[in-house]
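Q:
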Amino acid sequence: SGESGAGKTESTKLLLQHIMNLCKGNSQLEQQILQVNPLLEAFGNAQTVMNDNSSRFGKYIQLRFQKNTVQGAKLSEYLLEKSRVVQQDTGERNFHIFYYMFAGLSSEQKEMYGLLDPSLYRYISGRFGTQEVAERWKHKYQEVCNALDMVGFQEQEQVDMQAILAGVLSLGNVTFEPEESKGSVKVSEASQGWLKAAAVSHKKWLLEVGVLSQPAWCSPALPWSPSVSCCCSPRADARDSIAKVAYGRVFGWIVSKINELLAENVDPEVELREIGILDIFGFENFAVNRFEQLCINLANEQLQHFFNHHIFQLEQAAYKEEGLPWETITFNNNEPILNLLLAKPLGLLSLLDEQSAFPQATDKTFVDKLNSSFKGNLHFQPARGRVLGFSIIHYAGKVQYAAEGFLEKNRDTLPANVRGLFISSVTPLLIPLHTHHQPRPSLARVTCGHEDRVKLLQGEKTHSLMVLMERMYSANPHFVRCIKPNSHKEPGVLDNQVVLLQLRYNGLLETIRIRRDGFSWRPSFEEFAER
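Every letter in the sequence shown is one number past the one before it in the UniProt record's numbering, and letter 270, counting from 1, is 270.
(1) Among A402, L494, K375, which one has its Cα closest to the Cα of R386?
(2) Are three or more beta carbon pairs between the stretch 3-17 and the stretch 51-69 nearer than 8 Å?
(3) Which residues in the same chain have their Cβ closer than 8 Å to the Cβ of I329, if we skip the five residues on either side of it in sequence?
(4) Tell me whether P38 sits in a helix, a strand or coil according to DSSP, three-state version.
(5) If I measure Cβ to Cβ from residue 593 and keep anything under 6 Å in the same chain, skipping five residues before and after, which residues do I get?
(6) Assuming A246 contacts I164 under a Cβ cut-off of 8 Å, what Cβ separation, rounded to an integer in Å, is found between them?
(7) Using DSSP with H/G/I as helix, E/B as strand and the rest coil, what is K67?
(8) Relative to the alpha-carbon of Y60, which residue among N45, Y78, E177 has its alpha-carbon at the smallest distance?
(9) Please say whether P38 and E111 have beta carbons closer to each other than 7 Å?
(10) Could you check where the beta strand (DSSP E) with H310 kicks off and where it finishes?
(11) Relative to the C-alpha of D267, which residue among Q66, N339, K484, L29 is closest?
(12) So is T12 buried or exposed if we call it buried at 16+ other beta carbons inside 10 Å?
(13) In the DSSP assignment, find the unbroken alpha helix (DSSP H) run with S4 in it and report its ends.
(14) Take V151 and list the residues in its own chain whose beta-carbon comes closer than 6 Å to its own, dropping the five residues that flank it on each side.
(15) By DSSP, does I514 sit in helix, in strand, or in coil?
(16) Check for me: the alpha helix (DSSP H) holding R411 runs from which residue to which?
(17) List the endpoints of the continuous alpha helix (DSSP H) containing R504.
(18) Are the C-beta of L165 and some C-beta of chain C separated by less than 7 Å?
(19) I'd like to check one pair, W137 with Y113: are the Cβ atoms closer than 7 Å?
(20) So, at 6 Å on beta carbons, what are the nonlocal neighbours of P371 in its own chain, with the 5 sequence-adjacent residues on each side left out?
(21) Q154 by DSSP, collapsed to three states: which one?
(22) Give me the Cβ distance between F281 and G58, rounded to the nearest whole Å; I'm assuming they're in contact under 8 Å.
(23) Which whole-angstrom value describes the C-beta separation of L29 and Q17, a residue pair presumed to lie in contact below a C-beta threshold of 8 Å?
(24) Is it the case that the stretch 467-476 contacts the stretch 491-502, given that we only count it when at least three CB pairs across the two stretches are under 8 Å?
(25) Looking at L195 and V187, is the spacing between their C-beta atoms short of 7 Å?
(26) Among the residues of its own chain, which have a CB less than 6 Å from the CB of L303, if the five just before and after it don't count?
(27) I need the boundaries of the beta strand (DSSP E) containing K186, first residue and last residue.
(28) From this set, E132, W253, L278, E292, which residue's C-alpha is nearest V480's C-alpha?
(29) Do A243 and V498 count as a contact pair if the criterion is CB distance below 7 Å?
(30) Taking only three categories from DSSP, how would you classify I242?
(31) Please go through the same chain and pick out, in chain order, the residues whose beta-carbon is closer than 7 Å to the beta-carbon of K398, but skip the five residues on each side of it.
(32) From the DSSP output, in three-state form, read off residue 532 for me.
(33) Terminal residues of the continuous alpha helix (DSSP H) containing G104?
(34) By Cβ distance below 6 Å, which residues in the same chain neighbour S350 in space, the five residues on each side in sequence not counted?
(35) Using only the alpha-carbon positions, how far apart do D89 and I254 sit?
(36) In the DSSP assignment, the alpha helix (DSSP H) including D368 goes from what residue to what residue?
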């Protein structure tokens, strides 16, 4: 764990290398486990203001051992930040893979996928980069291609995948205009070319242009908002929904192929031991914090609570149970913050779900509800002036959230007729990816209790922090705390105040005290007697 940019992903890679080096076993499998990283980072990482290679998803890697040899591995992913596909803030970029493609594809390949100059695409923000950066991206693109080959993607599958990504970019440039005679909206004349590129570019992407141009883009009234009858409205843009869902499915497909490759080939009766490594997105506090930051920071709150429970509560309870003379060490318990976020029926996420179900609810009514429900709560602060937002005093400090888009992102549905577009697609890859896709419930679903739960539905499988926390509570955990040396992404610079702040809010000063004053080595009676 640690802040965004503190080195969690790099530490995970080093830890994997170290474990592989210690267990001289199936060298091919070990190499494969290490080689899938470039693939995951290309599709799941992006540049943010805090980190040039920031993980925009959480991953849990399970290594399975038999007699100290790695026999297989499994990767679980959750909470991919799909909204990044369609929107990035100033100083941020889309997922790496889009830039790698522009740098690495030949002119002929770009023509085949219908790709033009990168500066033309709405979904790719910021400057494309210097020649030096482009060379680096070109090299990264080759790494991705090598990894796709190694993982077992057929050539046609790789072509389909890149056609989908190119289609996503073209789709982002499609705009709409009112159709006065029918009172609906239609694809604007200026963007017909982009629609064509997205829909029929080498028959790899969606359906024929006619289907997208017609009122198929307009869905029936949503159950929570009868007044919104058309998914082309600025508030529920089906174009962006398609782009996000398509990208999320491609990412899930990559992970499932990786798991097929790394699955253990042993007798099911054989009991395997396991080491799991959790590399989760770090705590974030940007200039503008949205729904995604709230979800990321909630995950970090839960991990901090788990750390406190294990290091302080269980440890001190054991000392008291054995009757040892012990002066209780107090720690910064973040349970009240989890209650604020997760309690039922009046926690923040419950109120968000409730508001998402009301037809007339808006982001403003949601904020008004929070302000009235949490008046006087020490961990909640209403926004000042006319700002539509609120602040939460997290364990790692105060974060101000912009409430715009909270309800829309919490609903996050894909209209039925748009699902039909995927099912009828001529790209084989898209059909299985979307046949079973249902409008998913809100990103945050909760029940109360110490294993406070946040269910996240990705694809057909439900991954949840609840399941993850249960796994961790049943295991013997080791905590790797990553500390960010400075806030400017500078190498070799240690900012004492930045470091001290992290040591304080992580509870590391209290941890040092309990390790110094406590009983860190617990031999069994047999071990003691033998020595």
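Each residue gets a CB set at the ideal place from its N, CA and C atoms; glycine is no exception. Note that this is a predicted model, so its numbers are computed, not measured.
A: Based on what the coordinates show:
(1) A402
(2) yes
(3) F312, Q316, E510, R513, I514, D517
(4) helix
(5) Beyond the ends of the chain as shown, which are 1 and 531, falls residue 593; an answer cannot be given.
(6) 6 Å
(7) coil
(8) Y78
(9) no
(10) Premise fails: H310 is in no beta strand (DSSP E) and is neither H nor E.
(11) Q66
(12) buried
(13) No alpha helix (DSSP H) contains S4, which DSSP labels as neither H nor E.
(14) K257, I258, L261
(15) helix
(16) 406-411
(17) 496-505
(18) Structure shown: chain C not included; a single protein chain is present.
(19) no
(20) According to the sequence shown, residue 371 is Asn rather than Pro. Hits under 6 Å: P382.
(21) coil
(22) 6 Å
(23) That belief does not hold up - the Cβ atoms of L29 and Q17 are roughly 14 Å apart, past 8 Å.
(24) no
(25) yes
(26) S1
(27) 184-187
(28) L278
(29) no
(30) helix
(31) S391
(32) Summary: the structure shown does not reach residue 532, with the chain confined to residues 1 through 531, and so no result is reported for it.
(33) 96-104
(34) K344
(35) 27 Å
(36) 363-373
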